[in-house]
Amino acid sequence: MYLQDEARVIPPGRLKRGKAHRYPFRFTHTDVGPPTHLGYICSVRWTLHAVLEVPDVPPFLAYRELFLEAPPPFFDMGDREYHSTVSTAVGELELVLPRVVYAQGEVLRGSMRFNATREFDAEEIRVILLRIENLSAGDDHFVYVAEWDPVTGLFRGERWPGGEGTTYVWLEAEVVLSRTRRFVPTNYLNLPFEFQIPSDWRPTLTTGHGRVTWKVGVIIPRPDYPDLRVFHEVIVYTADGDYGFGEMPSSG
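Count along the sequence shown from 1, add 3, and you get the number used in the working numbering.
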């Protein structure tokens, strides 16, 4: 918890009974503070507090939660596609995205391509959207979350050594493009996909204590062999300009 700024708007004095008193104030937010992020592990919340101190009685307190938007990055994406490619002994797996910057709530579209050089069987073709929360503190391990209960805050996951600090990997969306399939060198596969980015105030985030990233991935499990995988990072922002107070989470 950090104190970002404060203003003393009421000078010491006497307030008259039965009279309404209004004291304007103003804060200017700089780009130093991180945006609102309602993650399960990494969480950034902004609140505005008012305190009226009166001698010999407990202070009067009031607060309101604020939602600070994350703006889109300022760089020219141009008219281009984004490719991630992995070459393996059985072929070349490619993930193609028309762009890599999205507002929360947007539909992310792309395609996976595979050019087989050897015949093999696959259990399925799956596309996933991951949100990765990394805390700099920890004992250098990953937690792959399988189930999450937002009411109790409990989750079930697998823990593996690796990385820096503690990294939690959350599955935000998943699409199965194909079930059991046999790949042969004469077939070139090109499958489109799409899924919606959740509107939960969880933008891409970097702070001094950790960071949150989003990734799209294609996974092709193979019986008795390692999975074929390819990933590409995407940037998620919240400053879309059309989020009314009715759509914001409750400050509880």
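Where a beta carbon is used, it is the ideal one built from N, C-alpha and C, also for glycine. As the structure is a prediction and not an experimental result, all values here were calculated from the model.
Could you give the distance in angstroms between the alpha-carbon of A92 and the alpha-carbon of A119? As a first step, residue 92 is located in the sequence shown; it is residue number 89 there, counting from the start. As a first step, residue 119 is located in the sequence shown; it is residue number 116 there, counting from the start. One C-alpha to the other measures close to 9 Å.
Which class does D8 belong to by DSSP, given the choice of helix, strand or coil? Numbered from 1 along the sequence shown, position 5 holds the residue referred to as residue 8. Reduced to three states, the DSSP call for D8 is coil.
Cβ contact (3+ pairs, closer than 8 Å) linking the segment 220 to 235 and the segment 123 to 137: Touching, yes.
Compute the Euclidean distance between the alpha carbons of G166 and D142, then round it to the nearest angstrom. Within the sequence shown, the letter at position 163 stands for residue 166. Within the sequence shown, the letter at position 139 stands for residue 142. In this structure, the alpha-carbon of G166 lies about 9 Å from that of D142.
In the DSSP assignment, find the beta strand (DSSP E) that holds F158 and state where it starts and stops. Within the sequence shown, numbered from 1, the residue matching residue 158 stands at position 155. It spans 158 to 164 - the beta strand (DSSP E) in which F158 sits, taken as one unbroken run.
Does the count of Cβ pairs from the segment 9 to 17 and the segment 43 to 50 closer than 8 Å reach three? Counting Cβ pairs under 8 Å, fewer than three are found: no touch.
Taking all protein chains shown into account, do 16 or more other C-beta atoms lie within 10 angstroms of the C-beta of P206, making it buried, or fewer, making it exposed? Here residue 206 refers to the residue found at position 203 when the sequence shown is read from its first residue. Burial is judged here by how many other beta carbons sit within 10 angstroms of a residue's own beta carbon; P206 has at least 16 and is buried.
Since L133 and T169 should fall inside the 8 Å C-beta cutoff, what is the C-beta to C-beta distance between them, to a whole number of angstroms? Stepping through the sequence shown from its first residue, residue 133 is reached at position 130. Stepping through the sequence shown from its first residue, residue 169 is reached at position 166. For L133 against T169, the beta-carbon gap comes to about 16 Å, at or over 8 Å, which does not count as contact.
Using a Cβ-Cβ cut-off of 6 Å (strictly less than) and excluding sequence neighbours within five positions of R184, which residues of its own chain qualify? In the sequence shown, counting from the first residue as 1, residue 184 sits at position 181. Listed in chain order, the non-local C-beta contacts of R184 below 6 Å within the same chain comprise A125, local neighbours out to five positions each way being set aside.
Could you say which of P27, F30, G36 lies nearest to H212 if we only look at CA atoms? Mapped onto the sequence shown, residue 212 falls at position 209. Nearest in C-alpha terms to H212, of all of P27, F30, G36, is G36.
Check P101 in the structure and name its three-state DSSP category. If you number the sequence shown from 1, residue 101 lands on position 98. In the structure shown, P101 sits in coil (DSSP, three-state: anything other than H, G, I, E or B).
Just checking my contact of Y43 with W173 at CB under 8 Å: how many whole Å lie between their CB atoms? As a position in the sequence shown, residue 43 is number 40, starting the count at 1. As a position in the sequence shown, residue 173 is number 170, starting the count at 1. Confirmed, Cβ separation roughly 7 Å.
If we ignore side chains and look at the alpha-carbon of each, how far apart do F30 and L71 end up? To locate residue 30, count along the sequence shown from 1; it is residue 27. To locate residue 71, count along the sequence shown from 1; it is residue 68. If you take the alpha carbons of F30 and L71, they lie about 13 Å apart.
Do I200 and P76 count as a contact pair if the criterion is CB distance below 8 Å? The residue given as residue 76 occupies position 73 in the sequence shown. The residue given as residue 200 occupies position 197 in the sequence shown. Not a contact, by the Cβ cut-off of 8 Å.
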